[in-house]
Every structure is written in structure tokens, then in C-alpha cells.
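Participant:
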Amino acid sequence: MATSIITPDDLEQFKYDLLEDIKQLLDKKQDKTLAVKESEWIKSHQVQRLLGISPGTLQNLRLNGTIPYSKVGGVLFYKKTDIQHILEQNMRNRENSITNL
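This is the structure we're talking about:
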């Protein structure tokens, strides 16, 4: 059986390779975590609370296509990003609101 001698340079190279592999794994995990957060789904009652609307108003927003949704086994789900987008689209000019007071 042959004997291999490990030099300090070999150990240093191993350390750099190992750190690079760990960094790549962490980057992949972070990318997946961000993707999950961006596509987080919420239920109807949460949307109603966020927007301060009644169940009937939420139903009207679904029917007229304002709010996209997904239905699984009788439960309605909405993407948080879609709700945030709707809020941003419907933001009114703050200066006009203040002057109208």
C-alpha cells in the first residue's frame, strides 16, 4: 500500500475547495428560500384582513378578475405578491389626498 504525504499546501487547497463548495450550497439554499417567500400563498380570510374588505367584496374582486386565485379542494388561495401588486396599482397620490382634507 502506497503512502501519501499531505503538505500544508494540499491542506490549504482543500480548505479553499471546501469553503467554495459550502458557499455554493448556501447560495442555492438562499435562492430557494427567496423563491418560496415570493410565492407564498395566503387564504381568503388573510386577504380580507390585509385589505380590510368583506367576504362579498373579495368574491366580487375574484369574479371581475381583479384578484387572481387558485382553488384547491374548496379552499381559495392567493399569492401575497399579487395582493401587494394590486395595492401598489391602486395607490392614490398622497399630495392630492392631503390637499383634499
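Here the sequence shown is numbered in the numbering used here, starting from 483 and rising by one per residue.
All C-beta atoms in this analysis are idealised placements derived from N, C-alpha and C, irrespective of residue type, glycine included.
Values in this document were obtained by computation on a predicted structure and should not be read as measured data.
(1) So, with DSSP's three-state summary, where would you put Y498?
(2) So, are the CB atoms of V529 and Y560 less than 7 Å apart?
(3) Could you pull the DSSP bridge partners for Y560 from this structure?
(4) Do the stretch 522-538 and the stretch 552-568 touch if we need at least three Cβ pairs shorter than 8 Å?
Facilitator: Judging by the given coordinates:
(1) helix
(2) yes
(3) I524
(4) yes
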